[in-house]
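**Q**
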Amino acid sequence: MGIVKISDQMHENLRIASGALSRSINAQAEHWLRIGLLAETNPDLNYSELCQLLLRGDAGQGPLRLGPVPREALHDA
Numbered sequence: 246m247g248i249v250k251i252s253d254q255m256h257e258n259l260r261i262a263s264g265a266l267s268r269s270i271n272a273q274a275e276h277w278l279r280i281g282l283l284a285e286t287n288p289d290l291n292y293s294e295l296c297q298l299l300l301r302g303d304a305g306q307g308p309l310r311l312g313p314v315p316r317e318a319l320h321d322a
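So this is what it looks like as structure tokens:
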């Protein structure tokens, strides 16, 4: 666990999004970090497919899967 410094504007964005989605500010920041990391390591997947990875548990618990995930693998489950 550590401290991450972010801009005031990003903190305000987190506050608004966390309220709208019923998450704590920290949980919202962690969600965005997971999605961002998955998006950078899987640029061929869209947001919905990235969320499927999180929902299936392929990337939600423990270290994120950093290698590319074949699109077909999302539909095999």
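Under the working numbering, read the sequence shown as residues 246 to 322, first letter to last.
C-beta: ideal position from N, C-alpha, C; glycine also.
As the structure is a computational prediction, the values presented were derived from the model and not from experiment.
From Ser269 to Gln254, what distance separates their C-alpha atoms?
**A** Whole-angstrom Cα-Cα distance: 17 Å.
**Q** Counting beta carbon pairs with one atom in the region 283-296 and one in the region 255-267, are three or more of them shorter than 8 Å?
**A** Touching, no.
**Q** Quick check on Leu266: does DSSP put it in helix, strand or coil?
**A** Leu266 falls in the coil class under three-state DSSP.
**Q** So, is Leu259 buried or exposed, given that buried needs 16 or more other C-beta atoms within 10 angstroms?
**A** That one is buried.
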